[in-house]
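Chemist: Residues in the sequence shown are numbered from 275 upward in steps of one, following this note's numbering. For every residue, glycine included, the Cβ atom is placed at its ideal position computed from N, Cα and C. Just so you know, these numbers come straight off a predicted model, no measurement behind them.
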Amino acid sequence: MYCVTSVTYTVLINGQPFGLINPKRGLRQGDPLSPSLFVLCAEGLTHLLNKAEQAGIINGLQFSVDGPAIHHLLFADDSLFLFKAKEDQCEVVQNILSSYGKVTGQLINLDKSSITFGINVDQLDKGKIQEKLGIFSEGGAGSYLGLPECFSGSKVDLLAYIHDKMKARMSGWFAKTLSQGGKEVLLKAVAMSMPVYAMSCFKLPKTTCDKLSAAMAAFWWDSTEDKRKMHWIGWDKLCLPKHVGGLGFKDIQVFNQALLAKQAWKILQDKDSLCARFLKSRYFEEGTFLQAALGDRPSFAWRSILHGRDLLHLGLRKMIGDGEDTFVWTARWILDGVMRAPLMRNIIFDLDMKVKDLLDPIAGTWDLESLQEHFFPRDVELILKIKPVISSEDFHVWEHTKSGEYSVKSGYWFAFQREKADLICEFQMQPSIQPIKDLIWKSLTPTKIRNFMWKVISGAVPVVDKMMSRGLKVDSRCQSCGHEGFDSHSLYHNFFYLFVSAKNNLIPLETRRSFPWILWQLWKNRNRFFFEGRRDNLLEQPVPTPVKVKWAPPPHDWLKCNVGSSWDRTGRIGGAAWVLRNEFGDVMSHARRSFAEVNSKLDASIVCWQWALESMKSLNVDKIIFGSEDKELIERESTPSAFFKDKSTIRFKAEDGGGGRKKNY
Numbered sequence: 275m276y277c278v279t280s281v282t283y284t285v286l287i288n289g290q291p292f293g294l295i296n297p298k299r300g301l302r303q304g305d306p307l308s309p310s311l312f313v314l315c316a317e318g319l320t321h322l323l324n325k326a327e328q329a330g331i332i333n334g335l336q337f338s339v340d341g342p343a344i345h346h347l348l349f350a351d352d353s354l355f356l357f358k359a360k361e362d363q364c365e366v367v368q369n370i371l372s373s374y375g376k377v378t379g380q381l382i383n384l385d386k387s388s389i390t391f392g393i394n395v396d397q398l399d400k401g402k403i404q405e406k407l408g409i410f411s412e413g414g415a416g417s418y419l420g421l422p423e424c425f426s427g428s429k430v431d432l433l434a435y436i437h438d439k440m441k442a443r444m445s446g447w448f449a450k451t452l453s454q455g456g457k458e459v460l461l462k463a464v465a466m467s468m469p470v471y472a473m474s475c476f477k478l479p480k481t482t483c484d485k486l487s488a489a490m491a492a493f494w495w496d497s498t499e500d501k502r503k504m505h506w507i508g509w510d511k512l513c514l515p516k517h518v519g520g521l522g523f524k525d526i527q528v529f530n531q532a533l534l535a536k537q538a539w540k541i542l543q544d545k546d547s548l549c550a551r552f553l554k555s556r557y558f559e560e561g562t563f564l565q566a567a568l569g570d571r572p573s574f575a576w577r578s579i580l581h582g583r584d585l586l587h588l589g590l591r592k593m594i595g596d597g598e599d600t601f602v603w604t605a606r607w608i609l610d611g612v613m614r615a616p617l618m619r620n621i622i623f624d625l626d627m628k629v630k631d632l633l634d635p636i637a638g639t640w641d642l643e644s645l646q647e648h649f650f651p652r653d654v655e656l657i658l659k660i661k662p663v664i665s666s667e668d669f670h671v672w673e674h675t676k677s678g679e680y681s682v683k684s685g686y687w688f689a690f691q692r693e694k695a696d697l698i699c700e701f702q703m704q705p706s707i708q709p710i711k712d713l714i715w716k717s718l719t720p721t722k723i724r725n726f727m728w729k730v731i732s733g734a735v736p737v738v739d740k741m742m743s744r745g746l747k748v749d750s751r752c753q754s755c756g757h758e759g760f761d762s763h764s765l766y767h768n769f770f771y772l773f774v775s776a777k778n779n780l781i782p783l784e785t786r787r788s789f790p791w792i793l794w795q796l797w798k799n800r801n802r803f804f805f806e807g808r809r810d811n812l813l814e815q816p817v818p819t820p821v822k823v824k825w826a827p828p829p830h831d832w833l834k835c836n837v838g839s840s841w842d843r844t845g846r847i848g849g850a851a852w853v854l855r856n857e858f859g860d861v862m863s864h865a866r867r868s869f870a871e872v873n874s875k876l877d878a879s880i881v882c883w884q885w886a887l888e889s890m891k892s893l894n895v896d897k898i899i900f901g902s903e904d905k906e907l908i909e910r911e912s913t914p915s916a917f918f919k920d921k922s923t924i925r926f927k928a929e930d931g932g933g934g935r936k937k938n939y
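1. Which whole-angstrom value describes the C-beta separation of W841 and A870, a residue pair presumed to lie in contact below a C-beta threshold of 8 Å?
2. Compare the beta carbon distance of D641 and G595 with 7 Å and say whether it is the shorter of the two.
3. Rounded to a whole number of angstroms, what is the C-alpha to C-alpha distance between F476 and P469?
4. Give the DSSP-derived three-state secondary structure of L294 in the structure shown.
5. Please name the residue, chosen from Q397, F649, I698 and G293, that lies closest to D624 on a Cα-to-Cα basis.
6. Tell me whether F804 is buried or exposed, calling it buried when 16 or more other Cβ atoms sit within 10 Å of its Cβ.
7. Does the separation of the CB atoms of V671 and R606 fall below 7 Å?
8. Quick one: using the 10 Å Cβ neighbour count with 16 as the cut-off for buried, is D930 buried or exposed?
9. Using CA coordinates, which residue listed in Y686, R692, F688 and M593 is at the minimum distance from K661?
10. Would the segment 821 to 835 count as touching the segment 784 to 803 if we require 3 or more Cβ pairs under 8 Å?
11. Give a yes or no on contact between the segment 558 to 566 and the segment 493 to 503, applying the rule of three or more CB pairs nearer than 8 Å.
12. Helix, strand or coil: which one does DSSP assign to H763?
13. Which residue or residues does DSSP assign as beta-bridge partners of G901?
14. Would A488 be called buried (16 or more neighbouring beta carbons within 10 Å of its own) or exposed?
15. Can you tell me whether K716 is buried or exposed? The criterion is at least 16 other CB atoms within 10 Å of its CB, across all chains shown.
16. Determine the burial state of C277: buried for a count of at least 16 other Cβ atoms within 10 Å of its Cβ, exposed for fewer.
17. Just the C-alpha distance for K834 and I880, rounded to the nearest angstrom, thanks.
18. Counting along the chain, where does the beta strand (DSSP E) carrying S874 start and finish?
19. Could you round the C-beta distance between E522 and P720 to whole angstroms and report it? I think they count as a contact, below 8 Å.
20. Provide the residue span of the beta strand (DSSP E) that contains K325, from first to last.
21. On the three-state DSSP scale, how would you describe Y283?
22. Expressed to the nearest angstrom, what Euclidean distance is found between the alpha-carbon atoms of G420 and A472?
23. Hey, quick one: how far does the beta strand (DSSP E) through K592 stretch, first residue to last?
24. Could you name the residues that DSSP lists as bridge partners for K628?
25. Does DSSP classify L746 as helix, strand or coil?
26. Rounded to the nearest angstrom, what separates S474 and S863 at their Cα positions?
27. Rounded to whole angstroms, what's the CA-CA distance from K921 to V663? Just pull it up for me.
28. Could you have a look at T639 and say whether DSSP puts it in helix, strand or coil?
29. Report yes if the C-beta distance between L354 and A316 is below 7 Å; otherwise report no.
30. I want to know whether the segment 489 to 496 touches the segment 546 to 559 - three or more CB-CB distances under 8 Å.
31. List the endpoints of the continuous alpha helix (DSSP H) containing L398.
32. Return the CA-CA distance between T451 and G413, expressed in angstroms with no decimal places.
33. For R577, which of G508, A538 and L609 has the nearest alpha-carbon?
34. Determine the direct distance from the alpha carbon of I579 to that of E458, and round the result to whole angstroms.
35. May I ask you to report which of helix, strand or coil DSSP gives A850?
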């Protein structure tokens with residue numbers, strides 16, 4: 275307790291500490307020790323409630339004999355207590371809270387507290403309990419942590435606040451007159467984050483999702499809140515990824531399911547968590563989470579979790595550990611393009627046979643004789659490709675990440691490709707200008723200019739022909755030259771030629787870099803003439819030069835080794851190179867070589883780094899910093915436990931690094 279009783283404070287004035295304050299009333303809010311002490315005290319409250327529950331004088335919420343009984347939940351300084359609506363249990367809880375308050379000084383604010391009763395509690399009992407506790411405010415209709423306390427009635431009405439908050443936030447953005455580059459950043463970074471917490475817990479109704487999408491689409495296309503502009507491209511097409519032809523906005527419904535799949539993944543992986551045990555006692559007491567049905571009178575939360583599980587189920591892969599939890603004939607554990615169960619070779623078979631019966635427990639490998647007895651040759655071949663991890667239980671991995679851990683990002687794109695397969699196919703079947711769009715996103719220009727060039731390519735600029743096709747009555751003549759018919763091709767008649775020439779290096783590099791700025795200035799000049807009746811001389815406008823990325827030197831008396839690798843899929847050849855420089859950028863040494871029989875890009879990186887490390891060891895370099903753009907390999911080397919998907923095929927072996935020399939990645 276010395277660290278608590280000996281605390282002193284100083285005050286910063288103009289950046290300088292002054293005074294020495296000795297608090298006489300304990301730690302104040304904001305002290306680094308406060309959270310730890312609060313948690314420590316809360317453990318005391320938990321112990322008192324657990325002791326009362328074990329003595330049978332209070333009863334928590336419980337659905338089965340083997341399931342957990344929940345009588346309290348704590349979040350920061352908020353507490354939720356659950357017990358039967360009886361006066362004796364009410365008195366026990368009140369005595370526990372009173373004792374806890376006397377010892378810790380943490381008293382309940384009755385004015386901020388509320389009670390929520392079950393539907394079967396009559397009014398007389400409600401009044402007695404309220405009188406006993408001194409809490410007369412009845413809750414359930416408010417919100418907590420941004421979500422409604424109770425989900426009864428129309429879900430559209432309950433969740434309407436999400437749309438209202440987003441609209442209110444966008445109203446302030448409209449007043450700032452943002453470019454579409456700025457709008458893109460706000461929509462992706464801020465607007466999409468606002469409903470994330472609600473979407474992580476519940477499946478939003480389609481009506482709510484449509485309203486959110488409409489609000490974001492209106493903000494993207496409109497310049498002011500009170501004037502609606504033409505939406506030249508549908509929101510569903512804007513949600514396509516950039517490598518397909520869209521802008522990469524999130525589809526709300528698909529994103530909602532991907533977030534819920536994360537909750538399903540947590541339940542699947544952490545079976546001993548309170549949430550997983552509680553749901554199991556209510557909905558799948560006899561089976562597993564992946565086999566659980568909707569059940570009788572399911573809650574809105576359970577329906578939402580199953581919606582996420584539907585997506586998770588499509589991308590799961592069963593990995594064999596000790597084989598104890600996997601039935602041979604009913605589980606999908608063989609990868610044959612998709613996960614499937616093995617085919618039955620014999621008429622008579624043991625339905626309860628487990629995969630562990632096919633393993634040699636001593637060698638930890640497959641029993642080839644047993645495999646040939648029970649399976650067709652094709653299935654034997656597929657099973658032998660599976661590397662069992664005898665030291666662990668059977669487990670699931672997510673097929674669409676390298677680590678095998680489910681991520682919302684991978685789940686979203688997997689679900690999006692399934693839900694929008696027809697739209698993606700439609701774009702891919704059309705005469706493709708996607709290579710030109712790829713060049714746009716790679717150009718070193720501000721986001722607003724890249725968005726503008728994308729709009730020109732996609733036919734989303736408000737030129738005469740486009741407006742007439744939408745039924746608008748406008749002058750069909752070009753406002754600059756007076757010729758009939760003005761479309762995006764007339765706007766930049768050599769647009770495609772310039773991009774193709776740039777791709778084929780027919781135009782000098784400096785000219786290619788200035789090309790997006792020239793297009794932007796042409797468009798701005800056209801708008802100034804159209805709306806203001808004036809023209810500017812573009813030759814007087816300076817073109818900014820992109821900033822080049824510089825090499826970062828090592829500290830004094832250190833050397834830096836930059837390592838690079840490449841891989842040729844066709845010839846299975848890996849290329850490697852390294853260059854060693856001092857702090858002044860002088861090249862001290864360099865080398866390059868190739869490696870045969872390299873099966874993947876990752877293998878090429880591993881071989882390259884191993885060779886570079888051996889080279890530094892042979893050069894007797896002690897103080898060295900390695901630089902590389904291969905983030906994947908560095909991440910795997912730094913956190914190998916995160917990549918449990920590969921633990922049957924990849925082994926990170928700690929070897930001598932050359933006299934214990936320090937390596938900085």
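Modeler: So, from the listed chains and residues:
1. Rounded, the Cβ-Cβ distance is 12 Å, inconsistent with contact.
2. no
3. 11 Å
4. strand
5. F649
6. exposed
7. no
8. Its pLDDT being 36, under 50, D930 is placed unreliably in this model, and the value from its coordinates should be taken loosely. Label assigned to D930: exposed.
9. M593
10. no
11. no
12. Any reading at H763 must be qualified, since the residue scores a pLDDT of 49, below 50, and its modelled position is unreliable; no value is offered.
13. N836
14. exposed
15. exposed
16. exposed
17. 19 Å
18. No beta strand (DSSP E) contains S874, which DSSP labels as neither H nor E.
19. Note that residue 522 is Gly in the sequence shown here, rather than Glu. Not quite, the Cβ-Cβ distance comes to about 17 Å (not below 8 Å), so this is no contact.
20. Not the beta strand (DSSP E): K325 falls in the alpha helix (DSSP H), residues S308 to Q328.
21. strand
22. 8 Å
23. L590 to M593
24. F601
25. coil
26. 53 Å
27. Per-residue confidence for K921 stands at a pLDDT of 48, beneath the threshold of 50, marking its modelled position as unreliable; the derived number appears in the next sentence. In a straight line, the C-alpha of K921 is about 8 Å away from that of V663.
28. strand
29. no
30. no
31. Q397 to L407
32. 42 Å
33. A538
34. 31 Å
35. strand
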